[in-house]
Each structure stands twice: as C-alpha cells, then as structure tokens.
Amino acid sequence: MNTSQVDPATGLTFRTTPPEREDRLILSDAEWKKKLTPEQYKILRNHGTEPAFCGVNLESKGEGAYHCVGCDLPLFNATEKFDSGSGWPSYTSPYNKDNLWYRLDMSYGMRRIEVLCARCDGHLGHVFEDGPPPTGLRYCINGTILKFKPKEKAAS
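In the working numbering, the protein residues as written are -5 to 150.
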C-alpha cells in the first residue's frame, strides 16, 4: 500500500512505493550487475553516492537531455543544468515530472528527499530547496548514472 505526503518546503510528493507504470523495467540482481558497471550498480541499485567533483557529466554541456543508464528514461534537460558548486551535476527541474519519484530519506541522521527513476526505481540522488529561481530546487544527481544524449539536429 502506498502512502504519500507533500513536502511543504519543496511541494514535492514523497511516496513509500514506486508509481505504477506500463513501461516499468524490472530486472534481477544478476541482470542489473551485467547491464551496469560496478560503480553504476553501487549508485543506482544500492543507493550509493559518487565522490564529489569526480563523476562524469559534471562539466558536460550542450543541447540535449540526460537519461538514466539503467533504463534510458530522459531525466533532465541540459538547459536546466547549473553549476551549484556542490561537486555533482545539478538541475533546477526534471525533464518530465512523471519520470521521477521521491522518497523521504532519513539516513545518516539527516532529513533528505531521495530522487528515483520512475521506470527502473534507480537511485539518482537528492533534491534540496537551495536552488536558483524559478523553482528554488537543486536536484543533486550522481553523474555516473546519467547518459547524455545530444539534441538531434534537423535535417537540412
């Protein structure tokens, strides 16, 4: 049974279970280990965190979108990326609000909002309320679990 609650600071809705999706990707642990690198597996499937300033996609720029390495769901537009100085890729809003889901994370004695992929339930990072306008949110995401796909140029 899912219970949900709206966070008054961010306006985001936490859930206790993933949202229902027709395109849900469910793999066995062995299949995930085969599909992902050890670092991607640690982050996406075991809620790990890459070291600050060490992940891929921190400095990447260009037109396009960042997709989940686990299931290829688009997660963030490159236009929403900003330099937060945190050492992790940061975004002001998701590619599509239905592509993410949120869970309250009380680990390590902190209260945080965990960000997960809505298709494969992979751990992406956390969202904080110290971002720039217009959202005031900072999606702090592990770059190792993102795959950048450039915007396709129109045929001439």
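Virtual Cβ for every residue (Gly too), placed ideally from N, Cα, C.
In the three-state reduction of the DSSP assignment, Pro128 falls in the coil class, being assigned neither a helical nor a strand state. Residue pairing for Lys75: DSSP places it in a beta bridge opposite Tyr85. Shown here, Ala24 sits in a helix according to DSSP, grouped into three states. Taking 7 Å as the cut-off, the Cβ atoms of Val50 and Thr129 do not count as close. Listed in chain order, the non-local C-beta contacts of Tyr60 below 6 Å within the same chain comprise Leu69, Phe70, Leu140, Phe142, local neighbours out to five positions each way being set aside. Within the same chain, Asn51, Leu52, Ile135, Gly137 come within 6 Å of Pro83 by CB-CB distance, once the 5 residues on both sides are set aside. Judged by DSSP in its simplified three-state form, Thr31 adopts coil rather than helix or strand. Per DSSP, the beta-bridge partners of His61 are Pro68, Lys141. Contact check for Thr10 against Thr(-3) passes: the beta carbons are separated by less than 7 Å. Across the structure, Asp23 and Ala112 are spaced so that their CA atoms are roughly 18 Å apart. Taking the Cα of Cys65 as reference, the smallest distance to any Cα among Asn93, Leu131, Met100 is reached at Asn93.
For Gly119, the secondary structure class from DSSP, reduced to helix, strand or coil, is strand.
The C-beta distance from Leu131 to Ser80 rounds to 13 Å, too long to fall under 8 Å, and the pair is not in contact. Residues of the same chain with a CB within less than 8 Å of the CB of Asn40, apart from the 5 flanking positions on each side, are His117 in chain order.
Here DSSP, grouped into helix, strand and coil, assigns Ser101 to helix.
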